[in-house]
Amino acid sequence: MSSSAVRVRVARSPRFRDPRPQRRPRYTHRVYTLSTVTLMSIGHALLGLLEAGPRHGYDLKRAFDERFGQDRPLHYGQVYSTMSRLLKNGLVEVDGVESGGGPERKRYAITDAGITDVERWLARPEKPEPYLQSTLYTKVVLALLTGRSAAELLDGQRAEHLRLMRILTDRKRSGDLADQLICDHALFHLEADLRWLELTAARLDQLASEVRA
Amino acid sequence: MIPAGSLLVAEGLRKTFGSTTALDDASFSVHPGEVVAVMGPSGSGKSTLLHCLAGIVRPDAGSVTYAGREITGLSDAERSALRRSDFGFVFQFGQLVPELSCVENVALPLRLGGVKRKEAERTAREWLERLEVGDTARKRPGDVSGGQGQRVAVARALVASPKVVFADEPTGALDTLNGERVMSLLTDTARRQNTAVVLVTHETRVAAYSDREIIVRDGRARDPERVA
Ligand SMILES: Nc1ncnc2c1ncn2[C@@H]1O[C@H](COP(=O)(O)OP(=O)(O)OP(=O)(O)O)[C@@H](O)[C@H]1O
Ligand SMILES: [Mg+2]
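Listed in order, the protein sequences are those of chains A and B. Residue 74 in this note's numbering sits at position 74 of the first sequence, and the numbers go up by one each step. Numbers in this note's numbering are just positions in the second sequence, counted from 1, shifted up by 1000.
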């Protein structure tokens, strides 16, 4: 992700835009999730929510907002465009339509292909990049919600981070001072990510009981 | 699965201290010349694993095989002979003999291996130079900085060309820059002379000097690369 994307993300954060005082988050959910479920992962998040059982469009949006969108709810338009993409790709199917028929009345169910897709997404480590913990956070919560191993997900991510850290460390050892400083800058950021991963791993039980409450 | 050609292999290690289970079915392996980081939360059993691998602590159950030889059944004397001839050690602090000068400290493993004093100290001096602390040679460990002392310790660990160096938080007492220097000197030298390194650390930047990491959790060691 380019640094400009990161800046946009910060600038859009409702905490900067909204001058009204806000309640302190009960836990980290809101801090990390305000604008963090990216377009890429909305589909996976909605799919993951469908794994528990079929839901109507409006119900799906509400569940998403509750979990991941407190400060930045989904637009209905986003839900429908995402759902029609998922339908087209065979990851969900329409399970029933309530009378009166707007798209929010459709009931969606996840397909086997959809479950596999969520599974793959959770299992695939994110490319290390600055401030990606938010996506990771979403993955961790969804893993807990869907009864998958969040600890394994965190371990996999940790291995991926360390892999990049090794590459940078190697480059640093053979490079000049500029290389060293540039690599160190990246290394310290990755280290911060890893600390977050460790801390989250250590708090998984607590998070699990909050998420499932 | 144990990778073929391992130098040091542990399987099913179990160790309890009173009612505390420090190791619970831990496994480990390292190849010649390989640097393996051992990571995990405090109290998870990392140091205990290292002590079992190095023959310092005898596990309650399980096996440790070094160069094809089961070492948990060896007598104390046999194990300490093995440690002297084949292993080197770096700890967080307090490992240098305070009454000896730095060069005498580094020469010690060679002297214990039967090398004559003069030759041992000449070699020790070369190692101090290589680790950029040649000027500490005649000082006592109490009169050098923590970073210098740690480089002296690394020199001592490597001087007798061990097959395995066991390092437990070798940078724990150092600032970032000194920690990095010690790690690059340790791993560069180890790789050059095909010495395996078992590196216990909780710092990921330190672990990034390794070829591979294993994670110890609640006394169980698992190798993320071997699970797949
Ligand atoms: N000699 C001992 N006597 C009693 N208990 C011990 C002894 N050595 C270790 N333990 C216990 O065994 C467990 C594992 O200890 P160990 O020193 O191996 O952990 P560690 O992973 O190295 O931790 P740290 O990162 O804090 O150094 C701990 O609960 C510790 O209290
Ligand atoms: Mg320890």
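Think of the CB as a built atom: it goes at the ideal place given N, C-alpha and C, for glycine as much as any other residue. Predicted model, so just to flag it, every value in this text is computed and none were measured.
Per DSSP, reduced to three states, the secondary structure at Ala-1026(B) is strand. Selection Leu-1110(B), Ile-1071(B) and Ser-1075(B) evaluated against Leu-1007(B) yields Ile-1071(B) as nearest (Cα-Cα). Setting aside the 5 residues that flank it on each side, Gly-1134(B) is surrounded in the same chain by Leu-1128, each with a C-beta closer than 6 Å to its C-beta; the list follows chain order. Within the same chain, Ala-1022, Leu-1023, Thr-1048, Pro-1059 and Asp-1060 come within 6 Å of Lys-1015(B) by CB-CB distance, once the 5 residues on both sides are set aside.
DSSP places Gly-96(A) inside the beta strand (DSSP E), whose first and last residues are 92-97.
The continuous stretches of alpha helix (DSSP H) do not include Asp-1168(B), which lies in the beta strand (DSSP E) extending over residues 1164-1168. By the Cβ neighbour-count rule, Phe-188(A) is exposed, with fewer than 16 other Cβ atoms within 10 Å of its own.
Bridge pairing for Val-1038(B): Val-1200(B) and Ile-1214(B) [DSSP]. For Ala-1173(B), the CB stays at least 6 Å from every heavy atom of ligand 1. Pairing Val-1097(B) with Ala-1153(B) gives a Cβ-Cβ distance that is not under 7 Å. With a cutoff of 6 Å, Lys-1015(B) does not count as near ligand 2, since its C-beta is closer than that to no heavy atom of the ligand.
The segment 1050-1124 of chain B contains, as complete alpha helix (DSSP H) runs of 4+ residues, the segments 1076-1086 and 1102-1112 (chain order). Ligand 1 has no heavy atom closer than 6 Å to the beta-carbon of Gly-1062(B).
Interface annotation, Arg-1205(B): in contact with chain A, CB-CB separation under 7 Å.
Just so you know, the alpha carbons of Val-1057(B) and Thr-1020(B) end up roughly 15 Å apart.
The beta carbons of Met-165(A) and Ala-1037(B) sit no closer together than 7 Å. Taking 7 Å as the CB threshold, Ser-1006(B) stays off the interface with chain A. Annotation for Tyr-108(A): the continuous beta strand (DSSP E) segment containing it runs 106-110.
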